[in-house]
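Written below as structure tokens is the structure these notes are about.
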Amino acid sequence: MPTLTPTQPSVQDVLLRYWGYDTLRPLQAEAIEAALHHRDSLVVLPTGGGKSLCYAVPPAVAGRTDVVVSPLIALMKDQVDGLTACGYPAAALHSGMTDEERRVVERGIAAGTYRLLFVAPERLLTPWFLDQAKRLQVRTFAIDEAHCISQWGHDFRPEYRRLATIKTTFPGAAIHAYTATATERVRADIIAQLGLADAEVLVGTFDRPNLQYRVLERGDLNTQVVQVLQRHQGEAAIVYCISRDDTERLSAALRARGVRAAHYHAGMDTAARSKTQEAFAAEKLDVVVATVAFGMGIDRSNVRCVIHAALPKSVEQYQQETGRAGRDGLEAECVLFTAPADLARWERLLTMGGGDAANLAAQRALLRDMAGFTSSERCRHAALSGYFGQVYPLENCGACDVCLDERPAGHDGTDLARAVLQCVASLRVPFGVTYVAEVLIGARNKRILERGHEQLPEHGALRGMPLADLQHAIRQLVNQGLLRRTDDDRPVLTLTAAAQAVLSGDVSVTLSSPENPAAASATDEEAGWIGVDRGLFAHLRGVRLALAEERSVPAFVILGDATLRELARLRPATSATLAKVRGIGERKLADLGPRFVAAIVAYSREYGLSTDVTAPAVPVLVTARPKPAGPATGLKLDAYAMFDRGTGVEEVAQATGRALTTVEGYLEDYIAERQPTDLSRWVDDLTYRRVESAARKLGGHQLKPVFEALDGKVGYDAIRVVMRHCGLR
Ligand code: ADP
Ligand code: ZN
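Residue numbering for the sequence shown follows numbering that gives the first Met the number 0, starting at 0 and increasing by one per position.
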């Protein structure tokens with residue numbers, strides 16, 4: 000039994016006090032329960048599932064000190080910063096601390112101040128720490144990123160192996176292992192390595208409903224990436240590449256197009272790396288173009304987009320990297336660009352990397368699964384869940400390229416392919432994509448005439464085809480392995496062995512259309528914005544940034560995006576209403592409340608927005624499921640924002656390009672949903688009172704009797720709006 004005494008706070012108290020949350024997420028209660036009951040556990044929750052809360056709540060309830068083992072200094076620092084900002088007593092001990100910092104923490108330990116103590120695995124078993132732990136009577140250990148202990152995981156760290164001795168060094172200790180990704184095998188390995196006894200195994204749902212997945216064929220990558228990023232202007236995005244060179248090239252190309260981007264890879268010195276990481280955390284940088292090295296320790300929860308410029312090497316890795324999107328539970332997009340050439344590239348890298356035969360075979364199998372994922376026509380959510388051994392419940396997720404029916408249909412491109420390959424053969428010396436395409440469409444420019452290539456039989460063979468479309472098709476032939484493209488400054492094309500089979504007519508070729516299949520539907524994206532005034536949201540982001548700078552902490556430590564949107568939706572004008580907002584605990588209320596309330600009040604006054612809105616809460620975890628018709632999206636939301644400012648129906652109709660009757664419908668819904676206190680902008684006071692009294696006298700919900708009772712002097716539109724406002728309809 001837990002040693003609960005009446006003086007202890009409840010889980011609920013602790014939750015509300017430090018974080019301002021009133022409910023727990025799935026499995027958090029069970030995980031907390033296990034830690035309070037001193038029962039070993041393995042908790043597998045997806046990124047953003049709320050693992051840190053699971054180990055932070057129990058010691059605060061029980062009034063004890065628990066130890067958290069964490070693999071990275073950056074990760075520990077972020078956790079401690081985040082907890083401290085909530086008023087939660089936590090500290091970390093790591094090699095990156097100054098002597099003074101260390102002394103402060105040591106004094107705190109001696110005084111028993113902390114509820115959580117973060118340490119690196121190599122520090123845990125030093126005599127000094129053992130001594131501290133004994134003094135504090137530590138009996139509970141949380142192991143964060145527990146998959147690092149397993150060779151079968153995707154991020155094995157040898158130093159984690161030392162954790163196997165916790166059970167012998169601290170007899171009677173309870174261990175709680177936490178991870179986001181773990182296949183059956185890794186799970187078993189974690190339990191065995193840590194020596195967990197009769198562990199409570201809690202496995203959450205791997206599906207991330209707020210993520211939209213797309214897999215696209217790679218063509219002109221720079222342009223494709225820019226197109227995706229245009230949907231996320233001013234928002235955080237990560238682009239993953241295979242090699243260091245790729246990251247540098249792509250980030251330069253993005254910067255040249257005005258994107259605030261920087262590269263990140265393990266070949267950079269530590270200072271340059273932390274500079275990029277800190278700029279990203281401080282929201283001074285929007286896009287990081289990175290190799291796998293950019294991983295744990297990115298604690299920016301409002302990443303709205305994760306792009307893969309090439310095939311990742313395993314589904315685990317893909318899940319982990321896409322998992323960095325939308326940790327705040329708000330919608331986010333994941334786009335993977337791939338081409339058949341990626342597999343060959345990985346094969347080369349694997350062979351170069353060496354390793355024993357068994358390991359190589361295991362890696363190839365992981366790669367095959369990943370490639371299978373991209374080429375499959377199965378719902379991405381369903382496929383990912385399936386990979387982790389879970390059944391996805393929906394027929395249509397409404398949040399992937401397959402279910403949204405965005406997959407470009409292939410068409411027979413055999414003739415076109417043959418013409419291109421034949422042309423490359425006839426040219427004898429290798430040329431680039433554009434030159435080959437120009438010859439085929441029959442261009443007669445200087446370059447071609449000088450060489451006499453207008454004489455070739457292939458010259459003009461594809462006359463009439465737009466050059467860009469043909470370039471796109473040729474790139475696909477490269478991706479399909481029919482042409483080889485050199486990897487230097489002036490890449491040229493040569494035939495591969497596979498091309499022969501096409502030229503001889505034995506193999507046909509399927510090509511996809513060149514139109515941009517990456518046009519995202521805006522509707523799901525809008526769901527998390529219902530009722531949010533975007534202008535105010537942007538303004539509050541500025542306030543957050545200023546606060547973060549003043550305090551030298553990452554922006555997320557101040558407030559997460561989910562809370563910021565709540566503020567821009569509910570617009571609390573007093574400390575009392577602010578206290579009710581999800582994500583505002585006691586400390587943040589006292590500490591940040593005045594600044595945010597002042598900003599909200601000033602902004603709302605300037606733009607005529609209502610404050611202290613009491614609309615029903617939008618679920619924090621926005622799901623990207625197909626929604627029943629109704630919730631305001633797109634234009635309707637724009638109309639709402641204008642209504643918020645008191646804009647008249649006609650002006651809104653003009654601005655949105657919608658018919659007057661449609662906008663009247665919007666206004667009616669707006670009144671029902673948002674319940675504005677005052678309709679005077681749309682219906683004058685006298686009319687309002689006449690309609691209301693007539694409607695109440697007549698009873699019922701019909702418009703016509705009211706219209707007639709008022710001798711047809713008041714229009715149906717006003718009657719409808721007033722009756723809706725009075726709750727008579
Ligand atoms: P993980 O470590 O599993 O990736 P975090 O612990 O960082 O996830 O939590 C992700 C986000 O969800 C954080 O902003 C956290 O404050 C928030 N969160 C966690 N638990 C809850 C809850 N019960 N209600 C609302 N938000 C929560
Ligand atoms: Zn789907």
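Note that beta-carbon positions come from the ideal geometry of N, C-alpha and C, so glycine has one too. Keep in mind it's a predicted model, so treat the numbers as computed, not measured.
Linking Leu-348 to Lys-312 through their CA atoms gives a straight-line distance of about 11 angstroms. A residue is called buried when at least 16 other Cβ atoms come within 10 angstroms of its Cβ; Ala-671 does not meet this threshold and is exposed. Within its own chain, the residues whose Cβ lies closer than 8 angstroms to the Cβ of Asn-478, once the five positions on either side in sequence are excluded, are Glu-216, Arg-217, Ala-338, Pro-339, Ala-340, listed in chain order.
Residue pairing by DSSP puts Ile-306 in a beta bridge opposite Val-238, Val-334.
Leu-577 and Phe-595 do touch by the CB rule: their CB atoms are close to 7 angstroms apart, below 8 angstroms.
Taking the CA atoms as reference points, Cys-333 sits about 14 angstroms from Cys-378. Annotation: the continuous alpha helix (DSSP H) that includes Ala-467 extends over 466 to 478. Note on the segment 33 to 115: whole beta strand (DSSP E) runs with a minimum of 3 residues are 40 to 43, 65 to 68, 89 to 92, in chain order. Note on geometry: alpha-carbon atoms of Phe-169 and Arg-484 lie some 60 angstroms from one another.
Going by beta carbons, Asp-411 and Thr-509 fall inside the 8 angstroms limit.
Burial state of Trp-127 is exposed, judged by a 10 Å Cβ sphere holding fewer than 16 other Cβ atoms.
Selection Cys-402, Gly-388, Ile-237 evaluated against Glu-394 yields Cys-402 as nearest (Cα-Cα).
The DSSP assignment places 165 to 168, 183 to 193 as complete runs of the alpha helix (DSSP H) inside the segment 131 to 216, in order along the chain (cut-off: 4 residues). In this structure, the C-beta of Gly-584 stays at least 7 angstroms away from each heavy atom of ligand 1. Straight across, the Cα-Cα distance linking Tyr-386 with Ala-309 is about 20 angstroms. Here His-700 is exposed: its Cβ has fewer than 16 other Cβ atoms, across all protein chains shown, within 10 Å. Exclusion of Ala-89 from the 7 angstroms shell around ligand 2 follows from its C-beta lying no nearer than that to any non-hydrogen atom of the ligand. In the three-state reduction of the DSSP assignment, Ser-511 falls in the strand class. Beyond the five residues adjoining it in sequence on each side, Asp-404 comes within less than 7 angstroms, by CB distance, of no other residue in the same chain. Cβ contact annotation for Leu-608 (same chain, cutoff 8 angstroms, sequence separation greater than five): Asp-532, Leu-535, Arg-570, Tyr-602, Asp-643, Arg-644, in chain order. Counting every other CB atom within 10 Å of its CB across the protein chains shown gives Glu-320 a total of 16 or more, marking it as buried.
Per DSSP, Tyr-263 is one residue of the beta strand (DSSP E) stretching across 260 to 263. Excluding sequence positions up to five before and after Trp-18, its CB lies within less than 8 angstroms of the CB of Leu-52, Cys-85, Gly-582, Gly-584, all in the same chain and listed in chain order. Under the DSSP definition of a beta bridge, Arg-680 lacks any partner.
For Asp-219, no pairing in a beta bridge is given by DSSP.
In the DSSP annotation of this structure, the continuous segment of the alpha helix (DSSP H) that includes Thr-321 starts and ends at 314 to 321.
In the three-state scheme derived from DSSP, where H, G and I count as helix and E and B as strand, Val-662 is classed as helix. In the DSSP assignment, Gly-409 falls within the unbroken beta strand (DSSP E) covering 409 to 411. If you look at Val-531, you'll find it isn't in any alpha helix (DSSP H); DSSP assigns it neither H nor E. Shown here for Ala-265: same chain residues with a beta carbon closer than 6 angstroms to its own, the five before and five after excluded, namely Ala-292 in chain order. As the crow flies, the alpha-carbon of Gln-470 is around 10 angstroms from that of Leu-476. Within the model, the alpha-carbon separation for Val-287 versus Arg-303 is close to 12 angstroms.
Closer than 7 angstroms to some heavy atom of ligand 2: that describes the Cβ of Ala-398. Contact annotation: Asp-39 and Ala-196 have beta-carbon atoms nearer than 8 angstroms. As computed with DSSP, Val-401 is found in no beta bridge at all. Contact check for Leu-420 against Leu-494 passes: the beta carbons are separated by less than 8 angstroms.
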